[in-house]
Amino acid sequence: MKPTSTVLTNKVAVVTGASSGLGKAVAELLAAQKVKVFALSRNIARTDLPSSVIKIPLNIRDLQNIDDAFAEIDQQTDHIDFLVNCAGRGLVKEFENTTRQEIMDVFGINLKGNIYIAQEVYKRMIPRKSGHIINVISTSGLKGRELETIYCA
Numbered sequence: 004m005k006p007t008s009t010v011l012t013n014k015v016a017v018v019t020g021a022s023s024g025l026g027k028a029v030a031e032l033l034a035a036q037k038v039k040v041f042a043l044s045r046n047i048a049r050t051d052l053p054s055s056v057i058k059i060p061l062n063i064r065d066l067q068n069i070d071d072a073f074a075e076i077d078q079q080t081d082h083i084d085f086l087v088n089c090a091g092r093g094l095v096k097e098f099e100n101t102t103r104q105e106i107m108d109v110f111g112i113n114l115k116g117n118i119y120i121a122q123e124v125y126k127r128m129i130p131r132k133s134g135h136i137i138n139v140i141s142t143s144g145l146k147g148r149e150l151e152t153i154y155c156a
C-alpha cells in the first residue's frame, strides 16, 4: 500500500501480536505510512515484515520480558504516539475440560498482558500529553459462543 498522506509520517507505534493476523496487518499498514513501528510478539523473529519494522520478541505474560522490550524501545525512540494491542489467544474447548493453566494463559495474554503493555506505553505518553491507545478485542464477550467459555469471559 502506498502512503496516501503525510499525517502519520515520523510517528512512532508499538503493535503487539504483530506476528500474524490483525497485528501483522496493522504493523504492515503503519510501516507503509512511514510510521516507525515496533512489532512485538512471541514469534516475531520468524515473521516477514517490511525491513523498516523493528521486531522485538515479547512474551506478553512475562513481566521481565515486558521491561526488557520497553528498555529496547526506549533506546531507539524518545516517545510513542500509538499503541495497537492486538495480542490475544483463543481457546476452543469444553469448559469442564479446560485446565487451570489454559485459563491462566488466556487471561494472562488477553487481559493482563494487554493491560501491562498499555500501562508501559501510557507512562511514556504522559510527559508529552499526547498519544493514542487502541485495544483490539473480540465481540465474543458480548455474545458467547459454544466451546469458548473461557475466551468469552
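Going by our numbering, the sequence shown opens with residue 4, and the numbers climb by one from there.
Quick reminder that beta carbons are idealized off the backbone N, C-alpha and C, glycines included.
* To do: Compare the C-alpha of ASP65 against each of ARG45, ASP84, GLU75 and name the closest.
  => When only C-alpha atoms are compared, the closest one is ARG45.
* Since I believe ALA42 is in contact with ILE57 (beta carbons under 8 Å), could you give me their beta-carbon distance rounded to a whole number of angstroms? => 7 Å
* Hey, how far is the Cα of ASN100 from the Cα of VAL15? -> 43 Å
* Is the beta carbon of HIS135 sitting closer than 7 Å to the one on PHE85? -> yes
* To do: Note down, in chain order, each residue of its chain lying with its Cβ closer than 6 Å to the Cβ of SER55, except the 5 sequence neighbours on either side.
  => ALA34
* Asked: So is THR19 buried or exposed if we call it buried at 16+ other beta carbons inside 10 Å?
  -> buried
* Asked: Near ILE120, which residues of its chain fall below 8 Å by C-beta distance, leaving aside the five closest residues on each side in sequence?
  -> VAL17, THR19, LEU43, ILE63, ILE69, LEU86, ASN88, ALA90
* Asked: What is the DSSP secondary structure of LEU150, counted as helix, strand or coil?
  -> coil
* Give every residue of the same chain whose Cβ lies closer than 8 Å to the Cβ of LEU96, excluding the five residues on either side of it in the sequence, and list them in chain order. => For the record, residue 96 in the displayed sequence is Lys; it is not Leu. Excluding positions up to five away in sequence, the list reads GLU105, LEU150, ILE153.
* Ordered along the chain, which non-local residues of its own chain (more than five positions away) have a Cβ less than 7 Å from that of GLY116? -> Listed in chain order, the non-local C-beta contacts of GLY116 below 7 Å within the same chain comprise ILE63, ARG64, ALA90, local neighbours out to five positions each way being set aside.
* Would the beta-carbon of ALA21 fall within 7 Å of that of ALA30? -> yes
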